[in-house]
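*Asks:* The opening position of the sequence shown corresponds to residue 0 in numbering that gives the first Met the number 0, with each subsequent residue numbered one higher. Attaching a single structure in structure tokens format; questions to follow.
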Amino acid sequence: MPPARRAAMRAIWNGAISFGLVTIPVKLYTATESKDVRFHLLHKTDGARIIEKRFCEAENVEVGWADLVRGYEVAKGEYVILAPEEIDAVKPESSTTIEIGDFVELTEIDPIYFEKSYFLEPTTVGSRPFNLLMRALDETGRIAVARVTIRTRERLATLRTYDGTLVLETMFWPDEIRSTGGLDLPQGAEQKASSRELQMAEALVQNLSGRFDPAQYRDQYRAALEELIRRRMKGEQRNSRRRRPEPKIVDLMDALQASVAAMHQRKATVRRPRGAGKPRDAAKASDAAKPPAASRRKRSIRAA
0 MPPARRAAMR AIWNGAISFG LVTIPVKLYT ATESKDVRFH LLHKTDGARI IEKRFCEAEN
60 VEVGWADLVR GYEVAKGEYV ILAPEEIDAV KPESSTTIEI GDFVELTEID PIYFEKSYFL
120 EPTTVGSRPF NLLMRALDET GRIAVARVTI RTRERLATLR TYDGTLVLET MFWPDEIRST
180 GGLDLPQGAE QKASSRELQM AEALVQNLSG RFDPAQYRDQ YRAALEELIR RRMKGEQRNS
240 RRRRPEPKIV DLMDALQASV AAMHQRKATV RRPRGAGKPR DAAKASDAAK PPAASRRKRS
300 IRAA
């Protein structure tokens, strides 16, 4: 049986990477997709789709697209209205170039800046310089910082190697990152952990440390929704869910010690060789395997 063909990707942008005097023709593809279960709003009585209409709140009348304008709210109920041609006049010129400006280390950029990922694919004539750029990034351990215009919006972005290709990661501009100044963060000596608590916390971190394996993580809510939908399609009813008990607030040190102890217990269970159970369980299994005494006597008589 031939292997199943993967669904073809559709390029959303065609252009070129530019760094120095080198130009690399490429195509851009969306690298991620949301798997959220999406619902439609329906009329409860007949199951028909609900259509959202545009109403003027002052006149309470439906408004057509031709009667709509764009306004920016400058104060409560006050707007600056901009005509379409005014907005078009300040849009960045349509650009088909990923303009590399700097090469930096990935650790210099906090992940909070990253927004959306795109795969890059070279055209036939761009394959050689594309591979050259990939190798240069791998050898130097750097990523490229660039500017690119996608759908009339200029974006800050990075280029890095990933799984045999380059990934363009669009970024938030610096003024789009909120400050933590408005948070009520713990302060004062009473909020500082003791050295003993810190040691226990570090021990817990060490015990839980390992390599990142994305395959072990699963969207349990989405899986439950999909299972519920499958059951409903078959006409089955789902049992009511048991609510998890609310976690109890315990002493920090007690919680740390219990967590470390539980981790040691789990590791000991994992290391136990197969077939090795508790002595009591093994004895029960041995007794269960023996035939009853009467049966053993009958077999002995027949053998005689």
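We treat Cβ as the ideally placed atom computed from N, Cα and C, and that holds for glycine.
1) Tell me, please, whether the segment 141-150 touches the segment 88-102 by the rule of three or more beta-carbon pairs shorter than 8 Å.
2) Rounded to whole angstroms, what is the Cα-Cα separation between Gly63 and Arg231?
3) Starting from Met8, trace the alpha helix (DSSP H) in both directions and tell me its first and last residue.
4) Applying the criterion that 16 or more other CB atoms from any shown protein chain within 10 Å of the CB defines a buried residue, is Phe54 buried or exposed?
5) Is DSSP giving Pro91 helix, strand or coil here?
6) Let me check understanding here. Comparing Cα to Cα, which of Thr139, Thr123, Leu155, Leu81 lies closest to Ser116?
7) What are the residues that DSSP puts in a beta bridge with Asn336?
8) Figure out for me which residue from Thr139, Pro121, Thr169, Gly180 has the closest Cα to the Cα of Tyr163.
9) Would you kindly work out how many angstroms separate the C-alpha atoms of Glu32 and His42, rounded to a whole number?
10) Specify the secondary structure class of Ser258 as computed by DSSP and reduced to three states.
11) Less than 7 Å between the beta carbons of Met170 and Glu114, yes or no?
12) Determine, using beta carbons only, whether Ser258 and Leu203 come nearer to each other than 7 Å.
13) Please report the straight-line C-alpha distance between Ala200 and Ser193, rounded to a whole angstrom.
14) Should Glu168 be labelled buried (16 or more other beta-carbon atoms within 10 Å of its own) or exposed?
15) Nearest CA to the CA of Arg134: which residue from Leu158, Leu184, Asp66?
16) Ordered along the chain, which non-local residues of its own chain (more than five positions away) have a Cβ less than 8 Å from that of Val124?
17) Using DSSP with H/G/I as helix, E/B as strand and the rest coil, what is Ile176?
18) Which two residues bound the contiguous beta strand (DSSP E) that contains Ser194?
19) Can you check which of these residues, Val89, Gly187, Glu61, Leu132, is closest to Arg152 by C-alpha distance?
20) Strictly by DSSP, which residues pair up with Tyr78?
21) So, under 8 Å CB-CB, Met262 and Leu227 are touching, yes? Tell me the CB distance rounded to an integer number of Å.
22) Distance check for Ile86 and Arg69, CA to CA, integer angstroms please.
23) Going by C-alpha distance, which of His39, Gln256, Phe18 is nearest Arg195?
24) Identify every residue that forms a DSSP beta bridge with Lys233.
25) If you follow the alpha helix (DSSP H) that Ala65 is part of, which residue opens it and which one closes it?
*Replies:* For this structure:
1) yes
2) 39 Å
3) Taken as a continuous stretch (DSSP letters only), Met8 belongs to no alpha helix (DSSP H), as it is neither H nor E.
4) exposed
5) coil
6) Leu155
7) This structure cannot settle anything about residue 336, because the visible part of the chain is limited to 0 through 303.
8) A quick correction: the sequence has Gly, not Tyr, at residue 163. Looking at the Cα atoms, Pro121 is the closest of the given residues.
9) 29 Å
10) helix
11) yes
12) yes
13) 11 Å
14) buried
15) Leu158
16) Pro24
17) coil
18) No beta strand (DSSP E) holds Ser194; the alpha helix (DSSP H) holding it covers 194-207.
19) Val89
20) Glu72
21) Their Cβ separation, rounded to whole angstroms, is 34 Å, which puts Met262 and Leu227 out of contact at 8 Å.
22) 9 Å
23) Gln256
24) BP columns for Lys233 are empty, so no partner.
25) It is not in any alpha helix (DSSP H) - Ala65 carries neither H nor E in the DSSP assignment.
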